[in-house]
Every structure is written in C-alpha cells, then in structure tokens.
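Peer 1:
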Amino acid sequence: MRRLLLSLALLLAPAAFVPPARAQAQPVLNIYNWADYIDSAAIERFQRETGIRVRYDVYDTLETLEGKLSAGRSGYDIVVPTSEPAFNRLVRTGALRPLDRALLPNFANLDPAMMARVAAVDEGNRHGAIYLWGTVGLGMNAARIREVAPDAPLDSLELLLNPEHARRIARCGIAVMDSAIDVLPSVLRHVGADPDSTASADLDRAQRALLAIRPHLRSIPSPPAIIDALAQGEICLAFSYSGDVIQAMGRARAAGRSHEVSYVMPREGAQLWFDMLAIPADAPNPAAAHAFINFLLQPDVMAGITRQVRFPNAVPASRALLPPEMRDDPILFPDPAVLARGFVAGTPAQAGERARSRLWARFKAGR
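If you use mature numbering (1 follows the signal peptide of the UniProt record, and there is no 0), the sequence shown corresponds to residues -23 to -1, 1 to 344, in order.
(1) Can you have a look at Ser334 and say buried or exposed, based on whether 16 or more other CB atoms are within 10 angstroms of its CB?
(2) Is Asp159 helix, strand or coil when you go by DSSP?
(3) Which whole runs of the alpha helix (DSSP H) in the stretch 179 to 225 are 4 residues long or more, in chain order?
(4) Classify Ile270 as helix, strand or coil using the three-state DSSP reduction.
(5) Kindly indicate which residue of Asp77, Val278 and His167 has the alpha-carbon position closest to the one of Ala291.
(6) What are the boundary residues of the alpha helix (DSSP H) that Leu137 is part of?
(7) Look up Thr59 in the DSSP assignment and give the residues it is bridged to.
(8) Which residue's Cα is closest to the Cα of Pro243: Arg234, Pro311 and Ile256?
(9) Can you tell me whether Gly111 is helix, strand or coil according to DSSP?
(10) Starting from the C-beta of Arg296, find all residues in its chain whose C-beta is less than 6 Å away, skip the five residues before and the five after it, and write them out in chain order.
(11) Quick one, are the C-beta atoms of Ser164 and Ala186 less than 8 Å apart?
(12) How many Å lie between Ile190 and Ile212 at the Cα?
(13) Just mark Ser217 as buried or exposed, buried being the case when its beta carbon has 16 or more other beta carbons within 10 Å.
(14) Identify the continuous alpha helix (DSSP H) that holds Asn65 and give its terminal residues.
(15) Let me confirm a value: Gln327 is counted as buried when at least 16 other C-beta atoms fall within 10 Å, else exposed. Which label applies?
(16) Mark Arg(-2) as exposed unless 16 or more other C-beta atoms lie within 10 angstroms of its C-beta, in which case mark it buried.
(17) Quick one: Cα of Ala90 to Cα of Gly233, how far?
(18) Sorted by chain position, which residues of the same chain lie with C-beta nearer than 8 Å to Arg287's C-beta, five sequence neighbours on each side aside?
(19) Anyone know if the C-beta pair for Val31 and Ile20 falls short of 8 Å?
(20) May I ask you to list the residues that DSSP assigns as paired with Tyr33?
(21) Please confirm whether Phe340 has its beta-carbon closer than 8 Å to some beta-carbon of chain B.
(22) Which whole-angstrom value describes the C-beta separation of Val125 and Ile146, a residue pair presumed to lie in contact below a C-beta threshold of 8 Å?
(23) Measure the alpha-carbon distance for Ala338 versus Arg331 and round it to whole angstroms.
(24) Look at the alpha carbon of Pro192 and the alpha carbon of Ala72, and state the distance between them as a whole number of angstroms.
(25) Could you please give me the residues that DSSP links to Asn83 through a beta bridge?
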C-alpha cells in the first residue's frame, strides 16, 4: 500500500438521492481503490459532469485486490494496483484490459520519465496510467533520536539497520511496516545485494540484518497504524511509505503535538513505487472506466487529490495548482537528482517469492 478508510457515505452522497427509476437508467462505475486515497470532491464532480454513478469500494492489501481479480468476475471497472508486484502480475496473466488511448486524450498529461519507469513492467504503457506515487524511507522524530543516539546518521538506512543504533533508538520506539514487498528490496540493497535477488546467500544476509534489529522493534504493524503512531509520538522511527509519513506530519501539527515528524529518503537511494489506474479484463463498464481515468488525469483534478491525500501525482501541470508549501516540498516532490538514485523493485519468480515470504515470517517471529 496502507491508508485509513474514507467516509464512503460522503463519497456516495450524490448517488444516494437518485430516484430508483432514474438510478436504473444511469451507467454505474465500480471502483476498487486503496483506502483513504481519493478526493471525495473529485468523485462528486465526476458524477455531476458525466451522469455516471460511482460505487466505491476499498481494500488495504494487494493480496486482497489480487485475490478478487484472480477469481474473475470481480465486478470492478477500475482498480489501482501498485506497479510491483501486483500490476506486473496482473499484466502478465492477462487480467487487465489494454487501454484505448483514443478515449484518453489526457494521457498526454503524464510525466514521460515516470511512465518510462513503469514501462519496464508494462511495455508501451498499454495497461495503466500512474495515479499516485511515492518512495519508501524513514519517518522520524529527529529531535528525540538525537537525544538517545546523537551520533547516528539521520540520512541513512544505517539509522535503522545498525543494531547498535537500533538498540539505543528503541527507547523511543521503532516500527517497520509489515510489507515484505516494500522492505526487503531496501534491506537487500543495504547489504550489497541486488534489490530483486532471491539467491540464498543474499536472502541469508538480509535475514541476518533484519533479525539483528528485531529485538529492538516495538512493532511490525500495517502501514496505516504507523501514521498515528508517529503523529502521536508513540514511536520516533519508522520505515514506511513517504505519503504515510507526510500524513503523520499533518496530523501531528493539527493536533498541536510538541514533536515534529519528518521524512528522509535514505542517501543510498530509496525504493520508488507507483499506483496504477487500470481496467480489469472483464470490467462490466469499460467505457465509464476510460471516462474516469481521462477525468482524473486533468491537472486540476490531480492537484485536488494530492492536496487531499498528500501523495505526489505524475501530472506535472498539476504542481502549479498546489499551495506553495506543497509545490516546493522536497519530500512530496524530490529533486530529480535524488529520484535518480532511487530504484524500482522487480517481481521475483514464484519460487523466489516463497523464499522471501519464509524470510519475512521468520523476521516477524523473531527467529
């Protein structure tokens, strides 16, 4: 993922008062998205401008999404899988419908450099458009960490993966999100291996690194739980998604907390992820799905979504429509040189995924 539930009542309010006879005549768009990952005003505007009624469901894990689509006849017209591994696997298995570019004039608004990163798993960008994106890194209360570990590097994964640093920082709380997909590539890279490696020797090194800090972790929670833990000061260090840490910053300020939450992309390079707008192969209303994707890719719509959920989008023209504190935020929109040091993780073969799953289970169990 990764995010808290939206108020679906708010999202669906425009449809709630449609008389039954008229509702039967309306086309319906069925959306399946991450929780807390849309601007309700965008849904309302789409319904108002198109006359298409939206039914909006949410999920909190990629496994849930993949399970729905793998079973077939999911009933959804729009899904939002993360580029690696879910989107990759769905493309390979033919579970997604190729996009009709003739119906998507606003596809041209997308950042070509970012779409080129996704093209590695979707040749020609035939099956998806970037919705929102981000990085995986360190969320922290830097002042508190300085108190307990004054010599620890705040800009490196050493802060977390050096057992001596972790031992001291444990006094104010450390959490690592429960997502092997988004943690192991960075750990592998840190120990000098390819982020995509499934070689036994590399996985052993990654496992030793994780088990060495396991006694010092307060928790391995779902990503949404990290938002509140950081915002409320229950932990001072977390390995998580950039957008979730940005949300924690906002919640801490809104609640008048005395501590400040910050986010750091490790200087070694951070993992990048992209959430994709895609259409299932058996979507009941692909025409409405294309209309929705084209609607979202308008700069003003994407700007509203970024303002609401505080994740960056891939429509460069939207940036000018954001408030200065967001437009110029290097966490939200990292410098291109910083992004160039980042990497996009690949999808291991099935045997490799099983090996990684076993590693992760041992890490969580602490043995």
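We put the CB at the ideal spot given by N, CA and C, even for glycine. Model, not experiment: these values are computed from the prediction.
Peer 2: In brief:
(1) Taking the sequence shown and counting its residues from 1, one reaches residue 334 at position 357. So Ser334 ends up on the exposed side.
(2) One-based indexing of the sequence shown puts residue 159 at position 182. Note: Asp159 maps to helix in three-state DSSP.
(3) 200 to 208
(4) Within the sequence shown, numbered from 1, the residue matching residue 270 stands at position 293. It is helical.
(5) For the purposes of this step, residue 291 is taken as residue 314 along the sequence shown, with counting starting at 1. Ranking Asp77, Val278 and His167 by Cα distance to Ala291 puts Val278 first.
(6) Within the sequence shown, the letter at position 160 stands for residue 137. Taken as a continuous stretch (DSSP letters only), the alpha helix (DSSP H) holding Leu137 covers Glu135 to Leu138.
(7) Here residue 59 refers to the residue found at position 82 of the sequence shown. Paired residues: Asp252.
(8) Here residue 243 corresponds to residue number 266 of the sequence shown, with the count starting at 1. Nearest option by C-alpha distance: Pro311.
(9) By one-based count along the sequence shown, residue 111 stands at place 134. Gly111 falls in the strand class under three-state DSSP.
(10) Here residue 296 refers to the residue found at position 319 of the sequence shown. Excluding residues within five positions, the ones whose Cβ falls inside 6 Å are Arg304.
(11) Against the sequence shown, residue 164 aligns to sequence position 187. Against the sequence shown, residue 186 aligns to sequence position 209. The sequence shown places Val at residue 164, not Ser. Yes, they are a contact pair.
(12) If you number the sequence shown from 1, residue 190 lands on position 213. If you number the sequence shown from 1, residue 212 lands on position 235. Computed Cα separation, rounded: 15 Å.
(13) One-based indexing of the sequence shown puts residue 217 at position 240. Buried, by the Cβ-count rule.
(14) Counting from one through the sequence shown, the residue named residue 65 turns up at place 88. Unbroken alpha helix (DSSP H) run through Asn65: Asn65 to Arg69.
(15) On the sequence shown, position 350 is the one that residue 327 refers to. By the neighbour-count rule (16 or more Cβ atoms within 10 Å), Gln327 is not buried but exposed.
(16) Taking the first residue of the sequence shown as 1, we reach residue -2 at position 22. Confidence in Arg(-2) is poor, its pLDDT being 47 and thus under 50, which makes the residue's placement too unreliable to answer from.
(17) The sequence position of residue 90 within the sequence shown is 113, counting from 1. The sequence position of residue 233 within the sequence shown is 256, counting from 1. The straight-line gap from Cα to Cα measures roughly 39 Å.
(18) Counting from 1 along the sequence shown, the entry for residue 287 is found at position 310. Result list for Arg287: Gly220, Ile223, Gln224, Gly227, Met303 and Leu309, in chain order.
(19) Counted from its first residue, the sequence shown places residue 31 at position 54. Counted from its first residue, the sequence shown places residue 20 at position 43. Closer than 8 Å, so yes.
(20) To locate residue 33, count along the sequence shown from 1; it is residue 56. According to DSSP, Tyr33 bridges with Ile8.
(21) Protein chains in the displayed structure number just one, and chain B is not present.
(22) Working through the sequence shown from its first residue, we reach residue 125 at position 148. Working through the sequence shown from its first residue, we reach residue 146 at position 169. Going by Cβ atoms, the distance from Val125 to Ile146 rounds to 6 Å, so yes, they are a contact pair.
(23) As a working note, residue 338 is residue 361 in the sequence shown. As a working note, residue 331 is residue 354 in the sequence shown. In a straight line, the C-alpha of Ala338 is about 11 Å away from that of Arg331.
(24) Translated into positions along the sequence shown, residue 192 becomes position 215. Translated into positions along the sequence shown, residue 72 becomes position 95. So the alpha carbons of these two residues sit roughly 41 Å apart.
(25) Position 106 of the sequence shown holds residue 83. Bridge partners of Asn83: none, in fact.
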